[in-house]
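Numbering (the working numbering), first residue to last: 3 to 84.
The structure appears below as structure tokens.
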Amino acid sequence: MLILMLIWNSIVFLLMSIDKYRAKRRLYRISEKVLLLSMMCFGGVGGFLGMFIIHHKTKKWYFYGAACIGTLILYLGVTKLQ
């Protein structure tokens, strides 16, 4: 289960990276809804890493909230499944 959560958080980080790349080049972007939902569904750590490493979506407060919720859900999922 931990492997799946690690893979999912890597995918969330990759989504943030792709959206940042597309934003710089004014290409078609990944919707905020997709980014927020992926962060809230066990992807909070990947979202936080995307926000702090590549500085993407750091000015929008609701991305911090989604990352916190996702991290909390991830923590509860890991502790309750063991």
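Ideal Cβ placement from N, Cα and C applies to all residues, glycine included.
TODO: Give the secondary structure of residue 81 by DSSP, where H, G and I count as helix, E and B as strand, and everything else as coil.
DONE: helix
Open item on the list: Let me check understanding here. Comparing Cα to Cα, which of 39, 56, 30 and 29 lies closest to residue 73?
Closed with: 39
TODO: Could you spell out where the alpha helix (DSSP H) holding residue 56 opens and where it closes?
DONE: Run containing residue 56: none; DSSP gives neither H nor E here.
Task: Whole-angstrom distance between residue 5 and residue 80, CA atom to CA atom - done: 11 Å
- [ ] Tell whether a beta-carbon distance below 7 Å holds between residue 50 and residue 69.
- [x] yes
Open item on the list: Measuring straight from C-alpha to C-alpha, what distance separates residue 76 and residue 60?
Closed with: 21 Å
Task: Within 7 Å, strictly: CB atoms of residue 14 and residue 41 - done: yes
Task: Range of the contiguous alpha helix (DSSP H) that encloses residue 6 - done: 4-26
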